[in-house]
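Residue numbers (my numbering): 2 to 337.
Backbone N, C-alpha and C fix where the C-beta goes; we use that ideal spot for every residue, glycine too.
Here the structure is a predicted model, which means the values were calculated and not measured.
Down below is the structure, laid out as structure tokens.
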């Protein structure tokens, strides 16, 4: 009898213990997760926009004669620096010499006719005909001279040579000259910034080939039209290149400072990266719950990040604790 009573008491104890554990679990599950929050705010920051571009020569000149002929001599090689007016190529002079002889003879004949005309020895029509013939031959000689001795129209560097001395000119430029002081870059700027861009604005330039080095240029030309598809407009950037260090074709990053603007900033501790992804996220607190939101960050400013999102308003509250344990739409309680 006593044994049965003991067994009954032990059973009741087990039941009470189970009920107690169940009640504790229910109480624990009903307890809201506590978090701390911080309110986002606006801060005056520099509006810096970075653009990618390819370095271009300021001017590119293809040197070639207007008419065919044999190339007598090429005086430059690829990579040579040349000056404006420097002789680059000498074409065959046969036609030039022939035309020069004709010009000399005509000038001698015209002098005689001119003297006779002054004393009435020839008519005005004969004088006009001879003068016209002389001017035509003089112009032809000048054209031949310019296309026999090919001069550089700019200061620059030889970037291409397509022939050797003695070759017959076949249509391609004999040599190409590029002016690389200064150099230029073309960037495409959003139409929203059209009124902020001014000629002469300073820019910072980084060239991938010169890691860690910064160059300083300026905006030299603003195109007057906006692309209707991309809603951007071209802007030309100029970089003085006195030592010819920067070369056409190099990859450049151009940073333009558009002045100070109020931007929303978020605290470091409110941001976390989802495992296996490079994306950044925050939990926005609203009316007792937190909501998962991807964010796009700008520059790091002390202990805050510039926020590029437009859908997180100024004054919003962000969770700053327990981020890895939160989930979207979870009910939470703000820890006092």
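Exercise for the section: Please say whether residue 154 and residue 239 have beta carbons closer to each other than 8 Å? Expected result: Counted from its first residue, the chain shown places residue 239 at position 238. Counted from its first residue, the chain shown places residue 154 at position 153. With contacts defined as CB atoms closer than 8 Å, residue 239 and residue 154 fail to qualify as a contacting pair.
Exercise for the section: Using three-state DSSP, classify residue 211 as helix, strand or coil. Expected result: Locating residue 211 in the chain shown gives position 210, where the first residue counts as 1. Note: residue 211 maps to coil in three-state DSSP.
Exercise for the section: Could you have a look at residue 143 and say whether DSSP puts it in helix, strand or coil? Expected result: Counting from 1 along the chain shown, the entry for residue 143 is found at position 142. Residue state, collapsed to three classes: helix.
Problem - Own chain residues within Cβ distance below 6 Å of residue 251, not counting five before or after - result: In the chain shown, the residue the question calls residue 251 occupies position 250. Excluding sequence neighbours, residue 251 sits near 56, 208, 210.
Exercise for the section: Quick one: residues in its chain with C-beta nearer than 6 Å to the C-beta of residue 388, no 5 flanking neighbours on either side, listed in chain order? Expected result: A question about residue 388 goes unanswered here, because the residues of the chain that appear run from 2 up to 337.
Handout entry: Extent of the continuous alpha helix (DSSP H) run through residue 110
Key = Walking along the chain shown from the start, residue 110 turns up at place 109. It spans 95-119 - the alpha helix (DSSP H) in which residue 110 sits, taken as one unbroken run.
Problem - Three-way DSSP call (helix, strand, coil) for residue 251 in this model - result: Here residue 251 is taken as the residue at index 250 of the chain shown, counted from 1. If DSSP states are grouped into helix, strand and coil, residue 251 belongs with coil.
Problem - Three CB pairs or more closer than 8 Å across the segment 171-181 and the segment 98-112 - result: no
Practice task
Compute the beta-carbon to beta-carbon distance between residue 255 and residue 305, rounded to the nearest angstrom, for a pair I have assumed lies under 8 Å.
Solution key: Here residue 255 refers to the residue found at position 254 when the chain shown is read from its first residue. Here residue 305 refers to the residue found at position 304 when the chain shown is read from its first residue. Residue 255 to residue 305, Cβ: 26 Å. No contact.
Exercise for the section: Count the C-beta pairs between the segment 273-289 and the segment 324-333 that are closer than 8 Å, then say yes if the count reaches three, no if not. Expected result: yes
Exercise for the section: With a threshold of 16 other CB atoms inside 10 Å of the CB of residue 234, please say whether the residue is buried or exposed. Expected result: Here residue 234 is taken as the residue at index 233 of the chain shown, counted from 1. Residue burial annotation: residue 234 is buried, with at least 16 other C-beta atoms found within 10 angstroms of its C-beta.
Practice task
Quick one: grab the DSSP three-state call for residue 320.
Solution key: The residue given as residue 320 occupies position 319 in the chain shown. If DSSP states are grouped into helix, strand and coil, residue 320 belongs with the strands.
Practice task
Alpha carbon to alpha carbon, how far is residue 49 from residue 220? Give it in angstroms, no decimals.
Solution key: Numbered from 1 along the chain shown, position 219 holds the residue referred to as residue 220. Numbered from 1 along the chain shown, position 48 holds the residue referred to as residue 49. Taking the CA atoms as reference points, residue 220 sits about 15 Å from residue 49.
Practice task
Just tell me which of 313, 300, 196 has its CA closest to the CA of residue 294.
Solution key: Position 293 of the chain shown holds residue 294. Measuring from the Cα of residue 294, the nearest candidate turns out to be 313.
Problem - Three-pair Cβ contact test at 8 Å for the segment 135-144 versus the segment 33-48 - result: no
Problem - Reference residue 159, options 124, 170, 83, closest by Cα - result: Position 158 of the chain shown, counted from the first residue, corresponds to residue 159. Selected option, being the one with the closest Cα: 83.
Exercise for the section: From the DSSP output, in three-state form, read off residue 38 for me. Expected result: Within the chain shown, the letter at position 37 stands for residue 38. It is a strand residue.
Handout entry: Per DSSP, cross-strand counterpart(s) of residue 327
Key = Counted from its first residue, the chain shown places residue 327 at position 326. Looking at the DSSP assignment, residue 327 forms no beta bridge with any residue, so it has no partner.
Problem - Counterpart residues of residue 259 in DSSP-defined beta bridges - result: Mapped onto the chain shown, residue 259 falls at position 258. Residue 259 pairs with nothing; no bridge assigned.
Practice task
Let me know if residue 185 comes out buried or exposed under the rule of 16 or more other beta-carbons within 10 Å of its beta-carbon.
Solution key: Within the chain shown, numbered from 1, the residue matching residue 185 stands at position 184. It counts as buried.
Handout entry: When 94, 93, 77, 96 are compared against residue 87, the one with the closest alpha-carbon
Key = As a position in the chain shown, residue 87 is number 86, starting the count at 1. Considering only alpha carbons, the answer is 77.
Exercise for the section: Pick out whichever of 253, 328, 292 has its Cα sitting closest to the Cα of residue 205. Expected result: Reading the chain shown from its first residue, position 204 is the one you call residue 205. Ranking the options by Cα distance to residue 205, first place goes to 253.
Exercise for the section: Would you mind giving the Cβ-Cβ distance between residue 162 and residue 75, rounded to the nearest angstrom? I have them listed as a contact below 8 Å. Expected result: Residue 162 sits at position 161 when you count from the first residue of the chain shown. Residue 75 sits at position 74 when you count from the first residue of the chain shown. Your pair residue 162 and residue 75 checks out as a contact, with CB atoms roughly 7 Å apart and the cut at 8 Å.
Exercise for the section: Tell me whether residue 47 sits in a helix, a strand or coil according to DSSP, three-state version. Expected result: Residue 47 sits at position 46 when you count from the first residue of the chain shown. DSSP places residue 47 in strand when its eight states are reduced to three.
Handout entry: Distance CB(residue 298)-CB(residue 307) smaller than 8 Å
Key = Here residue 298 refers to the residue found at position 297 when the chain shown is read from its first residue. Here residue 307 refers to the residue found at position 306 when the chain shown is read from its first residue. Going by C-beta atoms, residue 298 is nearer than 8 Å to residue 307.
Exercise for the section: In the DSSP assignment, find the unbroken beta strand (DSSP E) run with residue 184 in it and report its ends. Expected result: Position 183 of the chain shown, counted from the first residue, corresponds to residue 184. It spans 176-191 - the beta strand (DSSP E) in which residue 184 sits, taken as one unbroken run.
Practice task
Spatial neighbours of residue 79 within its chain, please: CB distance less than 6 Å, with the 5 preceding and 5 following residues excluded, ordered by chain position.
Solution key: Residue mapping note: residue 79 aligns to position 78 of the chain shown, counting from 1. Only 159, 162 meet the Cβ criterion.
Problem - Proximity of residue 226 and residue 189 at Cβ, strictly below 8 Å - result: Indexing the chain shown from 1 puts residue 226 at position 225. Indexing the chain shown from 1 puts residue 189 at position 188. No, these two residues do not count as a Cβ contact at 8 Å.
Problem - DSSP beta-bridge partners of residue 58 - result: The residue you call residue 58 lines up with position 57 of the chain shown. Looking at the DSSP assignment, residue 58 forms a beta bridge with 184.
Handout entry: residue 47 beta carbon less than 8 Å from that of residue 258
Key = One-based indexing of the chain shown puts residue 258 at position 257. One-based indexing of the chain shown puts residue 47 at position 46. Against a cut-off of 8 Å, the Cβ pair of residue 47 and residue 258 comes out as a contact.
Exercise for the section: Specify, as a first and last residue, the run of the beta strand (DSSP E) that residue 307 falls within. Expected result: Within the chain shown, the letter at position 306 stands for residue 307. From DSSP, the beta strand (DSSP E) with residue 307 extends over 305-308.
Handout entry: Buried or exposed by the 16-neighbour rule on C-beta atoms within 10 Å, applied to residue 311
Key = Taking the first residue of the chain shown as position 1, residue 311 is located at position 310. Exposed, since its Cβ has fewer than 16 Cβ neighbours within 10 Å.
Handout entry: Given residue 64 as reference, the closest of 53, 114, 277, 90 once Cα atoms are compared
Key = Here residue 64 refers to the residue found at position 63 when the chain shown is read from its first residue. Answer by Cα proximity: 90.
Handout entry: Exposure of residue 181, with buried meaning 16 or more beta-carbon neighbours within 10 Å
Key = Counting from 1 along the chain shown, the entry for residue 181 is found at position 180. That one is buried.
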